[in-house]
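Protein chains in written order, with this note's numbering: chain E, 1 to 72; chain A, 73 to 259; chain S, 260 to 631.
A virtual CB, placed ideally from N, CA and C, is assigned to each residue, including glycine.
Since this is a predicted model, take the numbers as computed values, not measurements.
Here the structure comes first, spelled out in structure tokens, and everything after it is commentary.
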Amino acid sequence: MPPSADRSVASPVLRVDRVACTAHGVCASLLPGSIRLDEWGYPIVVAPRIDEEVARTAIRLCPARALYLAQR
Amino acid sequence: MNEALWYASRAAGIASIVLLTAVVVLGTVVAGRRRPHDDSATVAAATHRWLSLATLAFIGAHVATAVGETYVSIDLVSAVVPFTSSYATLWVGLGTLAVDLLVAVTVTSLLRHRIAERTWRAVHWATYALWGFAVVHGVALGTAAEPLLRWTTALCGVVGLGAVLWRVNVTTHDRERRRAVAQQEWS
Amino acid sequence: MTRTDTLADVLDAAGLAGRGGAAFSTATKVRAARASHAELIVNACDGEIGAAKDGWVVEHHLSELVHGATLLAAGRRRGVLFAAHRGSRTAQLLSAAGLDVLEAPPRYVSSEESALVSLAGGGLARPMTKRVPVVTGGRDSRGARIRPTLVLNAETVWRVAQIAERGAAWFRSYGTPTEPGPRLVSVSGYVATPGVLETQAGVPIRSLLDAAGGRHPGAPAVLVGGLGGAFLSPDEAGRLQWSRESLATVGAAVGPGVLTVLDPWTCPLDVVGQLLRYAAGESAGQCGPCMFGLPAVAREWDDVVLRPSRAGEDRVRRRVELLPDRGACRFPDGVGRFTASALRVFGAHLSLHAGGACGYPSRRSESRAAVG
Numbered sequence: 001m002p003p004s005a006d007r008s009v010a011s012p013v014l015r016v017d018r019v020a021c022t023a024h025g026v027c028a029s030l031l032p033g034s035i036r037l038d039e040w041g042y043p044i045v046v047a048p049r050i051d052e053e054v055a056r057t058a059i060r061l062c063p064a065r066a067l068y069l070a071q072r
Numbered sequence: 073m074n075e076a077l078w079y080a081s082r083a084a085g086i087a088s089i090v091l092l093t094a095v096v097v098l099g100t101v102v103a104g105r106r107r108p109h110d111d112s113a114t115v116a117a118a119t120h121r122w123l124s125l126a127t128l129a130f131i132g133a134h135v136a137t138a139v140g141e142t143y144v145s146i147d148l149v150s151a152v153v154p155f156t157s158s159y160a161t162l163w164v165g166l167g168t169l170a171v172d173l174l175v176a177v178t179v180t181s182l183l184r185h186r187i188a189e190r191t192w193r194a195v196h197w198a199t200y201a202l203w204g205f206a207v208v209h210g211v212a213l214g215t216a217a218e219p220l221l222r223w224t225t226a227l228c229g230v231v232g233l234g235a236v237l238w239r240v241n242v243t244t245h246d247r248e249r250r251r252a253v254a255q256q257e258w259s
Numbered sequence: 260m261t262r263t264d265t266l267a268d269v270l271d272a273a274g275l276a277g278r279g280g281a282a283f284s285t286a287t288k289v290r291a292a293r294a295s296h297a298e299l300i301v302n303a304c305d306g307e308i309g310a311a312k313d314g315w316v317v318e319h320h321l322s323e324l325v326h327g328a329t330l331l332a333a334g335r336r337r338g339v340l341f342a343a344h345r346g347s348r349t350a351q352l353l354s355a356a357g358l359d360v361l362e363a364p365p366r367y368v369s370s371e372e373s374a375l376v377s378l379a380g381g382g383l384a385r386p387m388t389k390r391v392p393v394v395t396g397g398r399d400s401r402g403a404r405i406r407p408t409l410v411l412n413a414e415t416v417w418r419v420a421q422i423a424e425r426g427a428a429w430f431r432s433y434g435t436p437t438e439p440g441p442r443l444v445s446v447s448g449y450v451a452t453p454g455v456l457e458t459q460a461g462v463p464i465r466s467l468l469d470a471a472g473g474r475h476p477g478a479p480a481v482l483v484g485g486l487g488g489a490f491l492s493p494d495e496a497g498r499l500q501w502s503r504e505s506l507a508t509v510g511a512a513v514g515p516g517v518l519t520v521l522d523p524w525t526c527p528l529d530v531v532g533q534l535l536r537y538a539a540g541e542s543a544g545q546c547g548p549c550m551f552g553l554p555a556v557a558r559e560w561d562d563v564v565l566r567p568s569r570a571g572e573d574r575v576r577r578r579v580e581l582l583p584d585r586g587a588c589r590f591p592d593g594v595g596r597f598t599a600s601a602l603r604v605f606g607a608h609l610s611l612h613a614g615g616a617c618g619y620p621s622r623r624s625e626s627r628a629a630v631g
């Protein structure tokens with residue numbers, strides 16, 4: 001199997017629903033290496049590929065339900 | 073035995089209203105406050121969720137022991153269907169109603185990511201009502217012989233009401249800007 | 260094979276890409292629309308500043324446009340919606356022709372794909388978060404279902420009709436292998452004969468400006484793509500081609516086909532400032548990085564024009580870096596691109612301001628009149 005086929009099982013990408021996001025900051029607090037906040041408290045996704053387990057916790061804890069996983 | 077159940081029911085009841093009030097206050101903090109550059113929102117959100125499950129346990133115990141003890145007549149049906157107990161129909165009924173609403177809130181919260189967000193939100197607003205019913209239920213059914221229980225419940229009422237008033241009046245930069253722009257022409 | 264399957268194949272062979280700005284493969288969108296049983300909205304809004312080609316298609320090629328829409332919507336239950344801004348001549352023409360008009364409010368972002376879908380669904384004309392492409396539907400941020408909708412630019416739909424009639428080979432006889440087909444361009448601003456031109460990828464931009472009467476030698480820049488686009492210096496406008504590759508060398512793109520010549524009498528820094536203030540006021544107010552970020556960029560720009568400095572320019576740059584990919588739509592991305600290119604092209608003039616000189620007679624820009 002060609003090497004590129006392995007990339008299909010790469011971790012999914014964490015995305016922010018920007019309309020739903022109201023700057024609680026829970027995501028940055030849980031994923032300090034991957035998400036930082038701008039001066040108004042909105043997330044800057046620095047490293048979108050996150051371990052799925054950790055991502056699911058952040059998704060669950062976001063009070064605004066503004067985080068979701070996407071394929072790329 | 074029956075006396076033990078009677079006391080257990082009161083004890084679980086007090087624990088429930090105190091915990092429920094704490095859960096509601098934490099909920100208002102999560103909803104109304106934005107201090108995103110520290111961990112307080114995460115602590116508040118996680119504690120709110122975790123504490124609500126603990127509250128359910130105590131409410132479960134409170135209802136089970138209240139049904140089980142025979143000093144006053146509250147059967148299983150009236151623990152589920154509001155305003156059907158022969159004892160203190162209105163006050164017990166408010167408690168039952170509160171639990172029914174809490175079940176709806178709990179189920180929708182556990183299934184939050186499987187249902188529409190607006191559905192979860194609409195049901196979650198019922199927490200204010202159910203908390204109010206629980207406080208009235210507790211104050212009304214607290215007997216004069218144990219004023220501590222009544223006063224504790226009343227104190228929960230004051231604290232919770234304070235949190236609700238704060239929540240209604242507080243605003244965040246995000247909320248204000250959204251509101252201001254939403255008033256422009258968009259259709 | 261159904262009619263729309265064959266249609267997608269022909270569009271594929273022709274290499275038709277969307278003419279609304281994103282240049283996405285129309286065939287791919289049509290196939291996705293077929294799979295989702297999507298509704299059709301023909302976007303004739305001319306939403307970008309200086310845009311006029313959508314209205315031009317409606318004015319001069321309405322029957323072909325409607326034919327294209329009919330081909331695309333073959334089998335759809337609902338009627339096709341033709342989107343135009345309320346009160347515009349385009350809306351009047353569409354309405355007079357008996358077509359179903361989706362009237363968008365006069366807001367910059369209201370002509371965005373998902374904003375039109377939201378409006379058509381009974382909501383506000385504001386963009387929605389696209390967890391999945393709008394053509395496949397999905398749900399909005401409140402969990403309400405989005406009706407799968409194919410939104411295509413009016414010129415794109417017109418080209419569909421032309422390709423169905425004259426064939427893919429005809430289409431490919433224009434333009435370049437990677438950007439085939441005839442294209443419309445709207446030339447506006449400080450030119451003798453502004454208007455819509457038929458052209459194709461690869462032509463010198465100079466020739467487009469000449470066809471509209473020529474660029475005044477004192478014009479400080481040419482804006483490609485309006486508020487969501489980028490500036491070309493006079494030299495660049497003279498030597499670059501109307502193509503993705505050529506424009507990419509200066510951070511610009513063909514976009515929705517809008518060329519605007521800045522007038523020689525107004526300081527371009529003021530023109531940019533005016534447009535940034537306008538942009539700040541046009542945020543849909545749904546996403547933090549936009550509703551706070553755009554006013555901040557506008558303020559920062561005004562500051563650096565008033566008190567030019569390297570540090571000030573860096574502050575603008577830093578704010579611009581926080582705009583892309585942080586909203587529900589590409590509006591902040593566009594404004595960021597616009598601002599970055601302004602710094603690039605007008606950086607030298609900013610230094611003049613630092614020395615206290617400007618040279619332009621008018622320091623007060625005349626709102627949008629200065630830029631088409």
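Using the C-alpha atoms, what's the distance from residue j back to residue i?
i: residue 337(S); j: residue 359(S); result: 10 Å
i: residue 88(A); j: residue 113(A); result: 24 Å
i: residue 75(E); j: residue 581(S); result: There is simply no residue 75(E) to check, as chain E begins at 1 and stops at 72 in what is shown.
i: residue 67(E); j: residue 14(E); result: 7 Å
i: residue 203(S); j: residue 550(S); result: Outside the displayed span of chain S (260 to 631) sits residue 203(S), for which this structure offers no information.
i: residue 311(S); j: residue 318(S); result: 11 Å
i: residue 59(E); j: residue 172(A); result: 28 Å
i: residue 244(A); j: residue 20(E); result: 15 Å
i: residue 73(A); j: residue 79(A); result: 10 Å
i: residue 5(E); j: residue 69(E); result: Any reading at residue 5(E) is ruled out, since the residue's pLDDT is 48, under 50, leaving its predicted position unreliable.
i: residue 501(S); j: residue 460(S); result: 5 Å
i: residue 325(S); j: residue 417(S); result: 8 Å
i: residue 72(E); j: residue 295(S); result: 21 Å
i: residue 396(S); j: residue 223(A); result: 54 Å
i: residue 329(S); j: residue 449(S); result: 38 Å
i: residue 279(S); j: residue 442(S); result: 11 Å
i: residue 425(S); j: residue 415(S); result: 15 Å
Only counting the same chain, and skipping five residues up and downstream in sequence, which positions put a Cβ closer than 8 Å to that of residue i?
i: residue 361(S); result: 300, 340, 341, 342, 343, 375, 378, 379
i: residue 177(A); result: 195, 196, 198, 199, 202
What does residue i touch in chain A if you count any residue whose Cβ is under 9 Å from its own?
i: residue 37(E); result: 108, 109
i: residue 387(S); result: Correct list: empty, because the minimum Cβ distance to chain A is about 13 Å.
i: residue 366(S); result: 256, 257, 258
In chain order, what residues of the same chain have a beta carbon less than 6 Å from the beta carbon of residue i, not counting five sequence neighbours either side?
i: residue 590(S); result: 368
i: residue 192(A); result: 180, 184
i: residue 306(S); result: 370
i: residue 77(A); result: 137, 140, 141
i: residue 292(S); result: 394, 409
i: residue 621(S); result: 524, 525
Would residue i pass as a contact of residue j if the rule is Cβ separation under 9 Å?
i: residue 601(S); j: residue 560(S); result: yes
i: residue 444(S); j: residue 518(S); result: yes
i: residue 523(S); j: residue 475(S); result: yes
i: residue 538(S); j: residue 597(S); result: yes
i: residue 440(S); j: residue 273(S); result: yes
i: residue 309(S); j: residue 485(S); result: yes
i: residue 616(S); j: residue 568(S); result: no
Along chain S, which residues have their Cβ under 9 Å away from the Cβ of residue i?
i: residue 27(E); result: Under the 9 Å cutoff, chain S gives no residues; its nearest Cβ is about 13 Å from residue 27(E).
i: residue 50(E); result: Result: empty, since nearest Cβ-Cβ is about 16 Å, beyond 9 Å.
Counting along the chain, where does the beta strand (DSSP E) carrying residue i start and finish?
i: residue 68(E); result: 67 to 70
i: residue 344(S); result: 340 to 344
i: residue 290(S); result: Note, residue 290(S): premise wrong, no beta strand (DSSP E); alpha helix (DSSP H) at 285 to 295.
Starting from the beta carbon of residue i, find every residue of chain S whose beta carbon is closer than 8 Å, and list them in chain order.
i: residue 21(E); result: 546, 547
i: residue 246(A); result: 547
Looking at the secondary structure, which residues open and close the alpha helix (DSSP H) in which residue i lies?
i: residue 529(S); result: 527 to 540
i: residue 246(A); result: 245 to 254
i: residue 90(A); result: 74 to 104
i: residue 172(A); result: 161 to 182
List the residues of chain E that residue i touches, going by C-beta distances under 9 Å, in chain order.
i: residue 117(A); result: 24, 26, 61, 62, 63
i: residue 358(S); result: Near residue 358(S) there are no residues of chain E at all, since even the closest Cβ is about 31 Å away, more than 9 Å.
Looking only at its chain, what residues have a beta carbon closer than 7 Å to the beta carbon of residue i, apart from the 5 residues adjacent to it on each side?
i: residue 543(S); result: 368, 385, 386
i: residue 28(E); result: 35, 36, 37, 43
i: residue 228(A); result: 89, 90, 93, 207
i: residue 81(A); result: 134, 137, 138, 141
For residue i, return the contacting residues in chain A, with the cut-off set at a CB-CB distance below 8 Å.
i: residue 403(S); result: 188, 190
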